[in-house]
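Please read the structure below before turning to the comments.
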Amino acid sequence: MGSTQDDDVQLHVHTPLIHSRPLSVLTGLTVNLKCENVQPTDTFKIRGVGNLCKKAKANGCKHIVCASGGNAGVAAAYAAQKLGIPCTIIIPESTPKFTAERLRKELGANVEIHGQVWNHAHERGLELAKQPGCTYVHPFDHPDVWEGHESMMVEVQQDLKEKPDVVITSVGGGGLLNGVVQGLQRVGWNDIPVIAMETVGADSYNQAVKAGHLVTLPTISSVAHCLGALRVCERSFENYSKHTIHSEVVKDKEAVSACLRFLDDHRIMVEPACGAALAGIYSNVIPKLQKEGKLKADLKNVVVIVCGGSSISIQQLMQWKEQFGL
Ligand code: PLV
Numbered sequence: 083m084g085s086t087q088d089d090d091v092q093l094h095v096h097t098p099l100i101h102s103r104p105l106s107v108l109t110g111l112t113v114n115l116k117c118e119n120v121q122p123t124d125t126f127k128i129r130g131v132g133n134l135c136k137k138a139k140a141n142g143c144k145h146i147v148c149a150s151g152g153n154a155g156v157a158a159a160y161a162a163q164k165l166g167i168p169c170t171i172i173i174p175e176s177t178p179k180f181t182a183e184r185l186r187k188e189l190g191a192n193v194e195i196h197g198q199v200w201n202h203a204h205e206r207g208l209e210l211a212k213q214p215g216c217t218y219v220h221p222f223d224h225p226d227v228w229e230g231h232e233s234m235m236v237e238v239q240q241d242l243k244e245k246p247d248v249v250i251t252s253v254g255g256g257g258l259l260n261g262v263v264q265g266l267q268r269v270g271w272n273d274i275p276v277i278a279m280e281t282v283g284a285d286s287y288n289q290a291v292k293a294g295h296l297v298t299l300p301t302i303s304s305v306a307h308c309l310g311a312l313r314v315c316e317r318s319f320e321n322y323s324k325h326t327i328h329s330e331v332v333k334d335k336e337a338v339s340a341c342l343r344f345l346d347d348h349r350i351m352v353e354p355a356c357g358a359a360l361a362g363i364y365s366n367v368i369p370k371l372q373k374e375g376k377l378k379a380d381l382k383n384v385v386v387i388v389c390g391g392s393s394i395s396i397q398q399l400m401q402w403k404e405q406f407g408l
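Shown next, in the form of structure tokens:
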């Protein structure tokens with residue numbers, strides 16, 4: 083079964099890769115930003131989730147179900163709307179109310195709030211998706227999601243022309259990381275290291291690579307809710323031994339500080355989930371890794387994946403600013 087008509091539906095856009103003057107001056111490096119925040123759904127998520135939804139429709143899907151920290155849900159609801167399929171999005175209590183409103187009002191989704199963290203919403207989503215004609219859209223653990231995210235690095239290669247020395251990205255459940263690694267391999271940049279950033283309290287990848295096996299966190303205590311998968315997917319763990327990945331963790335304060343500084347530097351507002359990746363620059367992770375001999379000393383070109391995020395507001399940022407004494 084297939085639907086040629088839906089192949090023409092464009093869900094994600096080719097995002098700009100911009101040279102950041104402020105971050106380049108700050109670091110003495112050439113820092114390029116892959117601006118996924120300008121996707122129609124405010125995050126990279128639409129690439130992978132859109133790919134999965136299109137394939138699901140071609141295979142006869144009649145209802146999309148997605149459990150999400152927020153952003154994958156926005157992407158699934160947007161894709162469902164564009165493809166003309168009803169959808170149900172399950173979000174945990176930690177997702178802001180305005181995200182639920184946006185899903186309902188702007189994207190016409192049915193919204194259910196279930197459990198405290200994403201994993202609880204996920205269990206509910208799997209249950210709901212057992213009904214005939216339903217497809218469960220996993221926000222990070224599915225080959226179609228990784229394949230969709232690959233396109234990010236294909237665009238970077240088209241726009242950057244030269245090879246970067248390192249790519250910085252954040253890690254939640256690991257779908258983004260898998261897409262970045264697959265994308266690097268697809269364009270022949272197999273030797274480019276990736277810095278995988280998380281926050282303390284949502285550091286399921288760092289704990290897994292340190293332990294040498296997958297680890298399930300007891301809870302999520304970070305404000306970066308969208309990095310809040312209790313356990314990363316197996317493929318991300320496997321990729322650690324197949325590709326050069328440096329797993330790094332920053333405090334919530336550093337992720338929020340990065341959001342605030344980025345707002346001043348670029349007039350772009352992002353979630354702490356993205357602040358974690360930006361903290362790779364603002365919290366001097368590159369010089370630290372160079373000192374440890376993990377990155378080459380003459381490194382020059384850096385690509386930061388500005389993954390974005392729509393579950394953020396000025397009010398929330400100001401509240402965290404005060405909370406963390408910034
Ligand atoms: N967010 C997922 C999982 O949440 C979601 O449901 O929206 N940056 C942003 C802005 C994100 O929203 C996410 C994932 C990530 C980074 C991490 O991506 P991942 O999960 O593919 O590693 C619990």
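First residue of the sequence shown? That's 83 in our numbering, and the numbers climb one at a time after it. Built from N, CA and C at the ideal position, the CB exists for glycine as well.
Same chain, Cβ closer than 8 Å to residue i, five either side skipped, listed in chain order
i      : result
ARG268 : GLU232, MET235 and VAL236
LEU381 : LEU111, ASP247, VAL248, ILE368 and GLN372
HIS145 : ILE167, PRO168, CYS169, THR170, GLN213, GLY215, CYS216 and THR217
TYR131 : Correcting the residue identity first, residue 131 is Val in this sequence and not Tyr. Correct list, in chain order: CYS148, ALA154, ALA157, ALA158, ALA161, VAL219, PRO221, VAL227 and GLY230.
ILE363 : LEU105, LEU108, THR109, VAL113, ILE250, ALA340, VAL384 and VAL386
LYS403 : VAL338 and LEU342
Run of the beta strand (DSSP E) containing residue i, from where it starts to where it stops
i      : result
VAL147 : 145-149
Burial state of residue i, where buried means 16 or more other Cβ atoms lie within 10 Å
i      : result
MET400 : exposed
GLN264 : buried
LYS116 : buried
ILE396 : exposed
CYS389 : buried
GLY354 : Before going further, note that residue 354 is Pro rather than Gly in the sequence given. By the neighbour-count rule (16 or more Cβ atoms within 10 Å), PRO354 is buried.
PRO275 : buried
VAL305 : buried
GLY151 : buried
GLN87  : exposed
ALA211 : buried
VAL314 : buried
VAL199 : buried
SER392 : buried
GLU280 : buried
Extent of the continuous alpha helix (DSSP H) to which residue i belongs
i      : result
LEU242 : 225-242
THR326 : Careful: THR326 lies outside any alpha helix (DSSP H) and carries neither H nor E.
ILE363 : 354-364
LEU266 : 257-268
LYS187 : 179-187
LEU312 : From DSSP, LEU312 is part of no alpha helix (DSSP H); its letter is neither H nor E.
LEU105 : 103-109
GLN405 : 396-405
LYS370 : 367-373
VAL297 : Run containing VAL297: none; DSSP gives neither H nor E here.
Cut-off 7 Å between Cβ atoms - residues of its own chain near residue i, not counting five sequence neighbours on either side
i      : result
ALA73  : The question about residue 73 has no answer here: the residues shown for the chain are numbered 83 through 408.
GLY255 : PRO221, PHE222, ASP223, ALA311, VAL314 and CYS315
SER85  : A caution first: SER85 carries a pLDDT of 48, below 50, which makes its placement in the model unreliable, though a value can still be read off. Closer than 7 Å at Cβ, skipping near neighbours: LYS139 and ALA140.
Bridge partner(s) assigned by DSSP for residue i
i      : result
GLY390 : THR125
MET413 : Absent from the structure is residue 413, since the part of the chain shown begins at 83 and ends at 408.
CYS169 : ILE146
HIS202 : None; HIS202 has no bridge partner.
ILE194 : A small correction: the amino acid at residue 194 is Glu; Ile does not occupy that position in the sequence shown. Partner(s): ILE172.
CYS117 : VAL388
TYR218 : VAL147
THR112 : ASN383
Neighbourhood of residue i by C-beta, 6 Å cutoff - its chain only, sequence neighbours within 5 removed
i      : result
VAL384 : LEU111, VAL113 and VAL248
ALA149 : ILE172, ALA203, HIS204 and GLY207
LYS127 : ASN153, ALA154 and ALA157
GLU336 : ALA361 and SER365
CYS334 : The sequence given here places Asp at residue 334; Cys does not occur at that position. Taken in chain order, the residues that qualify are THR281, SER304 and VAL305.
VAL120 : THR97
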